[in-house]
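**Q** I have a structure I would like to understand better, so I am pasting it below and will then ask my questions one at a time.
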Amino acid sequence: MNEALMLAAALVITGPRTDLPEAQVQARFESECVDGKWNAATCPALRGELEMQLYNDLRALEPNGDIDRAALMSAARARFPMLAELGLRKLGKINTPQEREAVLAAVDHPSPAVRALAKQMLEVQDDRWRKGLGTWWRPGTRNGFAGLVPDTAPEAAQIGLANLKDPDALRYRYFASAERERRVVFTTRLTPDQVMTLIGKGAKVFDGTKLPAGARQQATMAQQMQGVQQEIQAAMARGDMKKVAEISQRINTQMQAMIPEPEAATLRPVAEFSAAPASIRYVQLPAGKKNGAPITAAASREEAFSGETVVVIQY
105 MNEALMLAAA LVITGPRTDL PEAQVQARFE SECVDGKWNA ATCPALRGEL EMQLYNDLRA
165 LEPNGDIDRA ALMSAARARF PMLAELGLRK LGKINTPQER EAVLAAVDHP SPAVRALAKQ
225 MLEVQDDRWR KGLGTWWRPG TRNGFAGLVP DTAPEAAQIG LANLKDPDAL RYRYFASAER
285 ERRVVFTTRL TPDQVMTLIG KGAKVFDGTK LPAGARQQAT MAQQMQGVQQ EIQAAMARGD
345 MKKVAEISQR INTQMQAMIP EPEAATLRPV AEFSAAPASI RYVQLPAGKK NGAPITAAAS
405 REEAFSGETV VVIQY
C-alpha cells in the first residue's frame, strides 16, 4: 500500500484533524488532557493530531536508523496503530523495565497486528508474561495491513449487560477477548461479588465449586480415588472395618459436596482463572442480542492483572 493510501487510512482511524500548528496542539493537549483531566470533546482529536505528527517525524528519521528509544516507547503506547507498530518494530527487544511496560501496554492495543507484535517481543524474553497475562492471550483473526485496523469493543446489550448503568466500571481487554470464541473479557477494581451484583441484577450467584467438574478436576478426583482405594485395602487387610466405614463416609460426603446444582449445570467454567474455585463467582445472564444463547458471566481476582477482578462473559 503506498504512502498516500496509508495516510488516508490513518486519518480514518485517528478521527478528525484539528489543523492547528504543532506547538499549539501540544499546549492544548497538556492543558486539557493530562494530570487526570480529559476533555471528551477535544482530547481524542488532539491526541490523534500529536500521534500523526510523531508518526511523520519518526518516518523521516527511520532511514537513518538512529531514533531515541524514549520516543519509540511513546510511539509503542500510541492509539494510532501504525505509530504503535513502528515504535514496537524499531524497539526490537526489551532492554529496560520502562520498555517492558510500554510493550505490555501495546499488548492491549485495539489493533490485532500491534497486539501480536507486542506478544512476540514478550514471548522471547519475559517468563512473567508467559505465566501471567500470556495465559489469557487470544490471537486476532486479521493480519497484514488489515490487522492494523482496530477491533471494536462490543456493545453492552449485545452481551447481556444492558442493565450496566456505568460502562466505565468495566475495562474491555482486547488481547483476552475473541469474537470467534464468543468470549469477552473485562477488568475492574470492583470485587467479584460487587460485579455479580452489578450485572446479575438478582440472578443467583454460584461459586466455582458448584459447577460441573472439568477435565482437570476429573483427573484430580481420579487420583484421589486411587489413594482412597489404597487406604480402604490397607484397612481391610488389618481387619479394621471401623476405619473402612469412616473412609467411606468421608468420601460420600466429599462426593455429595461436588455434585453440581441443577441451575449451575449450563454454566461454562473459565479455565484461565488461577484462584481457588470457591473464590470464583458465576452467574447465568439472560440471552443477549448477539446470538440469543444463554450467557455465562464469571468473575475472580487475578494477580496477573495486578490483583484486579477479571470478568469473563461467554455468550
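Position 55 of the sequence shown, counted from 1, bears residue number 159 in our numbering, the numbering being contiguous throughout. All residues carry an ideal CB built from backbone N, CA and C; glycine is no exception.
If you drop the 5 nearest sequence neighbours on each side, which residues of the same chain put their C-beta closer than 8 Å to that of Leu150?
**A** Within the same chain, Leu150 has close Cβ partners Thr122, Val129, Arg132, Phe133, Glu136, Cys137.
**Q** If you scan the region 201-258 from start to end, which runs of the alpha helix (DSSP H) of 4 or more residues do you find wholly inside it?
**A** Taking only runs of at least 4 residues, the alpha helix (DSSP H) segments lying wholly in the region 201-258 are 201-211, 216-229, 231-235.
**Q** Does Ala307 come out as helix, strand or coil in the three-state DSSP assignment?
**A** In the structure shown, Ala307 sits in coil (DSSP, three-state: anything other than H, G, I, E or B).
**Q** CA-CA distance, Asp344 and Arg354?
**A** Approximately 16 Å between the Cα atoms of the pair.
**Q** Over what stretch of residues does the beta strand (DSSP E) that includes Val415 continue unbroken?
**A** Here the beta strand (DSSP E) through Val415 covers 413-418.
**Q** Apply the 10 Å Cβ neighbour rule to Ser410 and answer buried if 16 or more other Cβ atoms are within range, or exposed otherwise.
**A** Exposed.
**Q** Tell me whether Trp142 is buried or exposed, calling it buried when 16 or more other Cβ atoms sit within 10 Å of its Cβ.
**A** By the 10 Å Cβ count, Trp142 comes out exposed.
**Q** Considering only DSSP beta bridges, list what Tyr276 is partnered with.
**A** Paired residue(s): Phe290.
**Q** Could you round the C-beta distance between Leu252 and Ala217 to whole angstroms and report it? I think they count as a contact, below 8 Å.
**A** That belief holds up - the Cβ atoms of Leu252 and Ala217 are roughly 5 Å apart, short of 8 Å.
**Q** Counting C-beta neighbours from all protein chains within 10 Å, is the total for Met340 16 or more, i.e. buried, or is it exposed?
**A** Burial call: exposed.
**Q** So, is Arg181 buried or exposed, given that buried needs 16 or more other C-beta atoms within 10 angstroms?
**A** It counts as buried.
**Q** DSSP puts Leu389 in a beta bridge; with which residues?
**A** Looking at the DSSP assignment, Leu389 forms a beta bridge with Ile399.
**Q** With DSSP as the reference, please indicate the residues paired to Trp404 in a beta bridge.
**A** Checking the sequence shown, residue 404 turns out to be Ser, not Trp. Val414, per the DSSP bridge assignment.
**Q** Three Cβ pairs or more, each shorter than 8 Å: is that satisfied between the region 275-287 and the region 296-303?
**A** Touching, no.
**Q** Per DSSP, what kind of secondary structure is Ala149 in: helix, strand or coil?
**A** Of the three classes helix, strand and coil, the one that applies to Ala149 here is helix, per DSSP.
**Q** Give me whichever residues DSSP pairs with Ala282 in a beta bridge.
**A** DSSP, once it has assigned bridges, lists Arg287 as partnering Ala282.
**Q** Do you know whose CA, among Asn160, Arg183, Lys194, lies nearest Ala174's CA?
**A** Residue Lys194 is the option with its Cα nearest to Ala174.
**Q** Assign Val374 to one of two classes, buried (16 or more other C-beta atoms within 10 Å of its C-beta) or exposed (fewer than that).
**A** Buried: at least 16 other Cβ atoms inside 10 Å.
**Q** Do you know how far the Cα of Ser178 is from the Cα of Arg320?
**A** With a pLDDT of 47 at Arg320, under the threshold of 50, the predicted position of this residue should be treated as unreliable, though the coordinate-derived value follows. When rounded, the distance between both Cα atoms is 42 Å.
**Q** Look at the alpha carbon of Met225 and the alpha carbon of Arg246, and state the distance between them as a whole number of angstroms.
**A** If you take the alpha carbons of Met225 and Arg246, they lie about 19 Å apart.
**Q** Assess, as a yes-or-no matter, whether the region 305-312 is touched by the region 222-240 under the definition of 3 or more beta carbon pairs within less than 8 Å.
**A** Not touching, per the Cβ criterion.
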